[in-house]
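Per the numbering used here, the sequence shown starts with residue 3, numbered consecutively.
Glycine residues also receive a C-beta, built at the ideal position from the N, C-alpha and C atoms.
Structure record follows, encoded as structure tokens.
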Amino acid sequence: SRDPPPAPQELTTVRVQDPRVQNEGSWNSYVDYKIFLHTNSKAFTAKTSCVRRRYREFVWLRRQLQRNAGLVPVPELPGKSTFFVGSTDEFIEKRRQGLQQFLEKVVQNVVLLSDSRLHLFLQSQLSVPDIEACVQGQGTQTVTEAILHYAMSNCGWVQEEEGRP
3 SRDPPPAPQE LTTVRVQDPR VQNEGSWNSY VDYKIFLHTN SKAFTAKTSC VRRRYREFVW
63 LRRQLQRNAG LVPVPELPGK STFFVGSTDE FIEKRRQGLQ QFLEKVVQNV VLLSDSRLHL
123 FLQSQLSVPD IEACVQGQGT QTVTEAILHY AMSNCGWVQE EEGRP
């Protein structure tokens, strides 16, 4: 007797890349990072997405996940070091790696994946207050609508990076 073919494994690739300094040279300059996500998991609304987020938004996300995850430990974020020895580029690269490791762990965790704030963070460009409003049903769109709207608006250009001929 032949075994049934194995179910396709659910894979989610998440990359934090392309750090950019916004408002360079001004007192309110900050770095944001591109978050590229590609998945075949049914947990996600869009199979591919690409957003830009800054460290402060990651801090907010982790706090929310912690609040809602009960006893499930939430992965750590890279530290908010103000006394970093070395170049800014080095610091940004270290932080980028830390943010990527954080998200890689988060998207593997079923409990954390059930938090719709995570999905809006990864798959829409809504601001933190708009994510809150959307999750509480006070936005103009549902969580799914917000993600699909964003996916239609600009994610068409996100091609699977390795898959190019």
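Who are the Cβ neighbours of residue i in its own chain at under 8 Å, not counting the five residues just before and after it?
i, result
"F60", "L79, L101 and F104"
In angstroms with no decimal places, state the Cα-to-Cα distance between residue i and residue j.
i, j, result
"H40", "V16", "7 Å"
"P7", "L13", "17 Å"
"K169", "P21", "In the structure displayed, the chain extends from 3 to 167; residue 169 sits before or after that span and is not available."
"L63", "R4", "46 Å"
"H151", "A48", "10 Å"
"E26", "Q11", "43 Å"
For residue i, which residues in the same chain have their Cβ closer than 7 Å to its Cβ, ignoring the five residues on either side in sequence?
i, result
"C136", "L122, L128, Q143, V145 and A148"
Give me the residue from the options with the minimum Cα distance to residue i.
i, options, result
"Y35", "Q19, E134, A71 and M154", "Q19"
"G139", "R58, T50 and S118", "S118"
"N70", "L114, K49 and V33", "L114"
"V108", "F93, E92, V74 and N25", "V74"
"A153", "Q110, E92, G72 and Q125", "Q125"
Run the CB neighbour count on residue i, radius 10 Å, all protein chains shown included, and call it buried at 16 or more, exposed below.
i, result
"T90", "exposed"
"R65", "exposed"
"V76", "buried"
"V23", "exposed"
"V53", "buried"
Leaving out five residues on either side along the sequence, give the residues of the same chain with a beta carbon under 6 Å from the beta carbon of residue i.
i, result
"R97", "P80"
"R56", "Y32 and D34"
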